[in-house]
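In what follows, a structure is listed as structure tokens, so that the remarks can point back to it.
Residue numbers (this note's numbering), protein chains in the order written: chain A, 5 to 117; chain B, 2 to 116.
Set out below in structure tokens:
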């Protein structure tokens, strides 16, 4: 089975721009979660989608948004980028039950200049 | 609000010695507890989980973890450490928080196994 894939792997943007990151989950997985990983803050939960519906949301500003498509693929969008948004963005998929483990993609490294 | 604490930023252990990476949590209701590992230049990988039942759970690569409800802890252990176990370890909990189940990760513990 193919793993979780994320595109692009690396991205450089400037302040004020917006960015869209993409995630393709493992086949058959209906839940997709997004995380922001930084050296200072560790792994911060952004949101979780299940069957095209946002199931959970972390404590991030409204500039961060996402969606999930009918094939379970997910996108995350960040508008009006700030320097502090520079991070590794991880996508994880799972079968969907609360107790299921997550499978992580390699991440998208976003640098905001 | 739920939380996870990994009190040690780094743990050093000699190869062949037992290792413990600590994790404590705070959740409402019954917790779902997980350990993940992040090797250099590789993604996060699932190691093991506790859902219910036996307090000692076994996972990948010879790791195990003990769930202690009274101490709200879920420490990761391995009887004999390998140099290849050197990595960043994350404890995570999924519990009820403000009406929804969220994943909360600890800040991570860097394990260094010395040859």
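Note that beta-carbon positions come from the ideal geometry of N, C-alpha and C, so glycine has one too. Note that the structure is a prediction, hence the values are computed from the model and not measured.
C-beta contact flag for residue i and residue j at 8 Å
{"i": "residue 94 (chain A)", "j": "residue 111 (chain A)", "result": "yes"}
{"i": "residue 104 (chain B)", "j": "residue 22 (chain B)", "result": "no"}
{"i": "residue 17 (chain A)", "j": "residue 85 (chain A)", "result": "yes"}
{"i": "residue 64 (chain B)", "j": "residue 77 (chain B)", "result": "yes"}
{"i": "residue 20 (chain A)", "j": "residue 106 (chain B)", "result": "no"}
{"i": "residue 75 (chain B)", "j": "residue 105 (chain A)", "result": "no"}
{"i": "residue 112 (chain B)", "j": "residue 88 (chain B)", "result": "yes"}
{"i": "residue 3 (chain B)", "j": "residue 94 (chain B)", "result": "yes"}
{"i": "residue 79 (chain A)", "j": "residue 15 (chain A)", "result": "no"}
Enclosing beta strand (DSSP E) for residue i [first to last residue]
{"i": "residue 16 (chain A)", "result": "14-17"}
{"i": "residue 80 (chain B)", "result": "Segment: none, residue 80 (chain B) is in no beta strand (DSSP E) and carries neither H nor E."}
{"i": "residue 5 (chain A)", "result": "Element bounds for residue 5 (chain A): n/a, residue is neither H nor E."}
{"i": "residue 2 (chain B)", "result": "Unbroken run through residue 2 (chain B): none, as it is neither H nor E."}
{"i": "residue 111 (chain B)", "result": "110-115"}
{"i": "residue 48 (chain A)", "result": "46-54"}
{"i": "residue 68 (chain B)", "result": "65-69"}
{"i": "residue 47 (chain B)", "result": "45-51"}
{"i": "residue 57 (chain B)", "result": "57-59"}
Chain-ordered chain A contacts of residue i [CB-CB under 8 Å]
{"i": "residue 190 (chain B)", "result": "Shown here, chain B extends from 2 to 116; a query on residue 190 (chain B) therefore has no answer."}
Reference residue i; option with closest CA among the options
{"i": "residue 27 (chain B)", "options": "B:60, B:54, B:92", "result": "B:92"}
{"i": "residue 91 (chain A)", "options": "A:13, A:9, A:6", "result": "A:13"}
{"i": "residue 51 (chain A)", "options": "A:115, A:42, A:71", "result": "A:71"}
{"i": "residue 77 (chain A)", "options": "A:5, A:22, A:15, A:31", "result": "A:31"}
{"i": "residue 108 (chain A)", "options": "A:99, A:73, A:114", "result": "A:99"}
{"i": "residue 86 (chain B)", "options": "B:53, B:4, B:38, B:29", "result": "B:38"}
{"i": "residue 108 (chain B)", "options": "A:117, A:34, A:40, A:9", "result": "A:40"}
{"i": "residue 32 (chain B)", "options": "B:70, B:20, B:114", "result": "B:70"}
{"i": "residue 9 (chain A)", "options": "B:43, B:5, B:19", "result": "B:43"}
{"i": "residue 117 (chain A)", "options": "A:89, A:96, A:34, A:26", "result": "A:89"}
{"i": "residue 82 (chain B)", "options": "B:36, B:114, B:110, B:5", "result": "B:114"}
{"i": "residue 5 (chain A)", "options": "A:64, A:33, A:114", "result": "A:33"}
{"i": "residue 1 (chain B)", "options": "B:25, B:14, B:29, B:18", "result": "Residue 1 (chain B) is absent from the structure shown; chain B starts at 2 and stops at 116."}
{"i": "residue 19 (chain B)", "options": "B:36, B:99, B:66", "result": "B:66"}
Interface partners of residue i on chain B, CB under 7 Å
{"i": "residue 15 (chain A)", "result": "Ordered by position in chain B, no residue passes the 7 Å Cβ test against residue 15 (chain A), which lies about 17 Å from the chain."}
{"i": "residue 110 (chain A)", "result": "44"}
{"i": "residue 47 (chain A)", "result": "91, 106"}
{"i": "residue 60 (chain A)", "result": "101, 102, 103"}
Interface partners of residue i on chain A, CB under 9 Å
{"i": "residue 50 (chain B)", "result": "103, 104, 105"}
Residue i versus residue j: straight-line alpha-carbon distance, rounded
{"i": "residue 55 (chain B)", "j": "residue 34 (chain B)", "result": "13 Å"}
{"i": "residue 29 (chain A)", "j": "residue 102 (chain B)", "result": "20 Å"}
{"i": "residue 16 (chain B)", "j": "residue 9 (chain B)", "result": "19 Å"}
{"i": "residue 116 (chain B)", "j": "residue 84 (chain B)", "result": "6 Å"}
{"i": "residue 82 (chain A)", "j": "residue 80 (chain B)", "result": "44 Å"}
{"i": "residue 12 (chain B)", "j": "residue 38 (chain A)", "result": "28 Å"}
{"i": "residue 50 (chain B)", "j": "residue 61 (chain A)", "result": "23 Å"}
{"i": "residue 55 (chain A)", "j": "residue 22 (chain A)", "result": "26 Å"}
{"i": "residue 43 (chain A)", "j": "residue 62 (chain B)", "result": "26 Å"}
{"i": "residue 69 (chain A)", "j": "residue 72 (chain B)", "result": "37 Å"}
{"i": "residue 59 (chain A)", "j": "residue 53 (chain A)", "result": "5 Å"}
{"i": "residue 11 (chain A)", "j": "residue 27 (chain A)", "result": "7 Å"}
{"i": "residue 96 (chain A)", "j": "residue 14 (chain B)", "result": "30 Å"}
{"i": "residue 57 (chain A)", "j": "residue 102 (chain A)", "result": "15 Å"}
{"i": "residue 53 (chain B)", "j": "residue 5 (chain B)", "result": "18 Å"}
{"i": "residue 64 (chain A)", "j": "residue 113 (chain A)", "result": "18 Å"}
Within chain B, partners of residue i - CB distance below 9 Å
{"i": "residue 37 (chain A)", "result": "104"}
Contact list for residue i against chain A, beta-carbon separation under 7 Å
{"i": "residue 111 (chain B)", "result": "Result: empty, since nearest Cβ-Cβ is about 11 Å, beyond 7 Å."}
Chain B residues whose Cβ lies nearer than 8 Å to that of residue i
{"i": "residue 94 (chain A)", "result": "44, 45"}
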